[in-house]
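In my numbering, the protein residues as written are 96 to 226.
The structure appears below as structure tokens.
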């Protein structure tokens, strides 16, 4: 067999094997199964992220209380669109409020709203210009 015949034979052999593999029922079933497993993994990741964000919001509501939590997230909300997706995600909903009510007894006390606490007084030293 000449080298040209060998390469032509290898090419035909590869094409034939690929054609048979494409029609193999076991391989087709494995492809479908893999496709569904990838989709279920992606869907599971989105659900996990959603649950974690809801638990984070519930923890914040439990620590700060609903009114102070609304004051914390107010700068991120658009006042004109009450039905926007961002408002629905960030504002306390019945599920996160119930989870916050469940968590509240386990927390030591109410939190401090960011930016409302007065800064500590400056300590005057001998090097400071006002001393």
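Think of the CB as a built atom: it goes at the ideal place given N, C-alpha and C, for glycine as much as any other residue.
Three-state secondary structure assigned by DSSP to residue i
i	result
residue 182	helix
residue 148	helix
residue 109	helix
residue 96	coil
residue 139	helix
residue 122	helix
residue 161	helix
residue 172	coil
Under 8 Å between C-beta atoms of residue i and residue j
i	j	result
residue 135	residue 191	no
residue 187	residue 203	no
residue 123	residue 157	no
Between the CA atoms of residue j and residue i - distance to the nearest angstrom
i	j	result
residue 168	residue 114	58 Å
residue 172	residue 147	21 Å
residue 155	residue 138	26 Å
residue 103	residue 119	24 Å
residue 150	residue 194	8 Å
residue 132	residue 126	10 Å
residue 101	residue 112	16 Å
residue 210	residue 196	Its pLDDT being 48, under 50, residue 210 is placed unreliably in this model, and the value from its coordinates should be taken loosely. Spanning the two alpha carbons is a distance of roughly 25 Å.
residue 106	residue 129	29 Å
residue 185	residue 110	56 Å
residue 96	residue 121	35 Å
residue 182	residue 201	28 Å
Proximity test, Cβ basis, 8 Å: residue i and chain C
i	result
residue 124	In the structure shown, chain C cannot be found, because there is only a single protein chain.
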